[in-house]
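Protein chains in written order, with this note's numbering: chain A, 1 to 314; chain B, 315 to 587.
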């Protein structure tokens, strides 16, 4: 297991290196002078020169890259041009709503998706299966931001039972923080619930064809016991991979959802930074999400290896 | 295969939706007498009904015309993204399956690109390039090439282990001819299925990007742009967000249904999976 762990951690390095190259290249993909683009048309030549110096844009590109990576590895992601504060601090201040939103959306996606998939598989080709799969298809097809807008209209305006926008911090009032996150988390998690439901259903159907399921049924176990004890456990393994992917998709989707619900999170910071071309923040935020993705995938892979020993020796 | 596809109710439903949407996009000028961009201040914020089937927006523009013309942009962006992603991703995937060196280098690059949520990478690219329809296609292609390459690669790895590939190698066939004649045609089915789903995701992504203001420019009638404008008046004029949202959902659902049906028809073993 230790060997697997170290192999897996080492394999992250090339991936993160590519991410770093991509993130670094972003600034240089801007047509014209990135410093001028950031400052807008009214900037004076002096201001542009100052930003170019601050960002090190006058140095050769390879030198810039090495310096940037060197700083990023030590946790220094530079300074936001617009907010005049370190990027790590700017992201750190806004990570709570984003983290909670992603977590709650994951809980909703898994909590709706896995049971829906199991119900669909256990009623294969019957009404229950059809209903669940139509719901899952709806989840995949309805844009999450549109679902969010409709939820705001329905539960925030017409039947005002939940706050339609904004956020209260966890330290201030944990219950109110949760209330603010219910609608955003649902609109974000619903699509992923559809994906998980489809995956769980197909994994479950696959498992139900196995010999040990027939044996379990043949020895007279109740159908419910067969499904939950023998079926679900094994079907969860492939489902777990999808759940791992879900977390990073949700973290990306948070940008959209936070904008719809005016949540003061890291996603909205990223979008605002895009609109005002605050490149250090864009680079920093994208890098953080890539790191999160890498860590989540690592954890999922380890969980996978722990559940299914065949993976470790493959 | 076509016969199996035609017998598949899911695929046929999806195909009908896609064909209808394409016809609507092509025949947009015939389906409405309004221009999607013409301003008519005296007709602003009219509810659906009468001369304006889906109402009008804050500038008096006809929502029905904007939704109908919006389908053009969605289908163009989705279609172009899929075609470009496949034109780049398929050769990369096949080459990676056949040449170890390509596999080691190019696929690492692909892994790195896939280590970012698609929408985030697209937003970041759009941040650098600016809101233009061509840039949206470019950004979504960068996002999707690795996904096509990965699917092609795993299909091609299975194919290259077949005896007929070994036979062709033994007969001294050139690599290009083996890849082109023997490997490529046999690994296309999963790629085609994947392409359908990518089309659906691309339509959704374009709408999201435009909604956020980093996709199509504001003067282009994209469903995302229409939704973003309608958001401000959602309370008084819910029709501004209702119809474009339904349009997106219908197209994406059609593509997803077609993809599901196609997968069942191309590989019956995967049915129910």
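C-beta: ideal position from N, C-alpha, C; glycine also.
The alpha-carbon separation between residue 128 of chain A and residue 119 of chain A amounts to approximately 7 Å. Relative to the Cα of residue 349 of chain B, the nearest Cα in the group B:374, B:332, B:362 and B:450 belongs to B:374. In the three-state DSSP reduction, residue 363 of chain B falls in the strand class (E or B). Distances from the alpha-carbon of residue 151 of chain A to those of A:270, A:168 and A:187 put A:187 closest.
Apart from the 5 residues on each side of it in sequence, residue 538 of chain B sits with its Cβ closer than 6 Å to the Cβ of 521, 524, 525 and 529 in its chain, given in chain order. Secondary structure at residue 574 of chain B: helix, using DSSP grouped into helix, strand and coil.
By the rule that beta-carbons nearer than 9 Å mark a contact, residue 259 of chain A touches chain B.
Taken in chain order, the members of the region 425–455 of chain B whose beta-carbon sits within less than 8 Å of a beta-carbon on chain A are 425, 426, 427, 429, 430, 431, 432, 433, 434, 435, 437, 438, 439, 440, 441, 442, 443 and 444.
Residue 102 of chain A and residue 416 of chain B have their C-alpha atoms roughly 36 Å apart.
In this structure, DSSP gives residue 555 of chain B a helical state, which the three-state scheme calls helix. DSSP lists B:370 as the bridge partner or partners of residue 376 of chain B.
The bridge partners DSSP lists for residue 86 of chain A are A:79. By the criterion of at least three beta-carbon pairs nearer than 8 Å, the region 474–492 of chain B is not in contact with the region 421–436 of chain B.
Around the beta carbon of residue 573 of chain B, 16 or more other beta carbons lie within 10 angstroms, which makes this residue buried. Relative to residue 518 of chain B, the option among B:339, B:390, B:347 and B:369 whose CA is nearest is B:390. In the DSSP annotation of this structure, the continuous segment of the alpha helix (DSSP H) that includes residue 97 of chain A starts and ends at 95–122. Nearest to residue 163 of chain A by C-alpha distance, out of A:254, A:179 and A:215, is A:179. Within the region 10–25 of chain A, those residues whose Cβ lies closer than 8 Å to any Cβ of chain B are, in chain order, 14, 15, 16, 17, 18, 19, 21, 22 and 23. Counted as a single uninterrupted DSSP element, the alpha helix (DSSP H) harbouring residue 202 of chain A occupies residues 174–208.
Judged by pairs of C-beta atoms under 8 Å, the region 396–408 of chain B touches the region 453–473 of chain B, as three or more such pairs exist. A check of alpha carbon separations from residue 464 of chain B across B:434, B:325 and B:409 identifies B:409 as the nearest. The contact set of residue 252 of chain A on chain B, defined by CB atoms closer than 8 Å, consists of 430, 431, 432, 433 and 434 in chain order. For residue 106 of chain A, the nearest beta carbon of chain B is not closer than 9 Å to its own beta carbon.
Remark: C-beta atoms of residue 443 of chain B and residue 30 of chain A approach each other more closely than 9 Å.
When rounded, the separation of the alpha-carbon atoms in residue 18 of chain A and residue 248 of chain A is 17 Å. Residues of chain B whose Cβ lies closer than 8 Å to the Cβ of residue 213 of chain A do not exist; the shortest such Cβ separation is about 15 Å. By the Cβ test, the region 60–68 of chain A is not in contact with the region 252–262 of chain A, since fewer than three Cβ pairs between them sit closer than 8 Å. Inclusion of residue 75 of chain A and residue 197 of chain A in the CB contact set at 9 Å is not warranted, their separation being larger than that value. One thing to note: residue 290 of chain A has its Cβ no nearer than 9 Å to the Cβ of residue 240 of chain A.
When CB distances to chain A are screened at a threshold of 7 Å, the residues of the region 523–556 of chain B falling below it are 525, 526, 527, 528, 541, 545, 548, 549, 552 and 555, in chain order.
Residue 309 of chain A has its alpha-carbon roughly 29 Å from the corresponding atom of residue 194 of chain A. The continuous stretches of alpha helix (DSSP H) do not include residue 496 of chain B, and DSSP gives it neither H nor E. In this structure residue 221 of chain A does not touch residue 91 of chain A by the C-beta definition: roughly 51 Å separates them, more than the 8 Å allowed. The CB of residue 277 of chain A comes closer than 8 Å to the CB of 441 in chain B, given here in chain order. Annotated three-state conformation of residue 479 of chain B is helix, per DSSP.
With contacts defined by Cβ atoms closer than 9 Å, residue 106 of chain A and residue 189 of chain A form a contacting pair.
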